[in-house]
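Undergrad:
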């Protein structure tokens, strides 16, 4: 018998969110708006941290070379928002047409 790999709580929460989005489009719409706002707030925070790292004598060269990596965090959150938006739109179409 194979054992099931234990999922983290974050994976469980995302799976539950996508299941609820498939059932109720309103939950998906609210979640996508919230995730979009969180993504914009994360972008402003990351941009501030990038500017601080550039002005640092120790981290300046590292931030100049690999600074783009920290911008992946808001992009990942925005990608989750888009996935949730698409799933809620599909759920809306199934319920209304």
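In the working numbering, the protein residues as written are 67 to 163.
C-beta atoms are modelled at their ideal positions from N, C-alpha and C, and glycine is treated no differently.
Just so we're clear, the structure is a prediction, and the values are computed from it rather than from any experiment.
1. Determine the contact status of residue 148 and residue 98, defining contact as a CB-CB distance below 9 Å.
2. Name the residue from 94, 103, 158 whose alpha carbon lies nearest to the alpha carbon of residue 140.
3. Buried or exposed for residue 94, please, with buried defined as at least 16 other CB atoms from any protein chain shown within 10 angstroms of its CB.
4. Secondary structure at residue 128, three-state DSSP: helix, strand or coil?
5. Can you give the Cα-Cα distance for residue 89 and residue 81, rounded to whole angstroms?
6. Find the nearest neighbour of residue 165 within the set 143, 153, 152, 150, judged by alpha-carbon distance.
7. How is residue 122 classed by DSSP in three states: helix, strand or coil?
8. Among residues of its own chain, excluding the 5 on either side of residue 151, which ones have a beta-carbon nearer than 6 Å to its beta-carbon?
9. Tell me whether residue 79 is buried or exposed, calling it buried when 16 or more other Cβ atoms sit within 10 Å of its Cβ.
TA: On the basis of the data shown:
1. Taking the first residue of the chain shown as position 1, residue 148 is located at position 82. Taking the first residue of the chain shown as position 1, residue 98 is located at position 32. In this structure, residue 98 lies closer than 9 Å to residue 148 by Cβ.
2. Working through the chain shown from its first residue, we reach residue 140 at position 74. Residue 103 is the option with its Cα nearest to residue 140.
3. Numbered from 1 along the chain shown, position 28 holds the residue referred to as residue 94. The residue is buried, with at least 16 neighbouring Cβ atoms inside 10 Å.
4. Against the chain shown, residue 128 aligns to sequence position 62. It is helical.
5. The residue given as residue 89 occupies position 23 in the chain shown. The residue given as residue 81 occupies position 15 in the chain shown. Spanning the two alpha carbons is a distance of roughly 13 Å.
6. With the chain covering only 67 through 163, there is no way to say anything about residue 165.
7. If you number the chain shown from 1, residue 122 lands on position 56. It is coil, neither helix nor strand.
8. Counting from 1 along the chain shown, the entry for residue 151 is found at position 85. Correct list, in chain order: 98.
9. The residue labelled residue 79 in the question sits at position 13 within the chain shown. Exposed is the call here.
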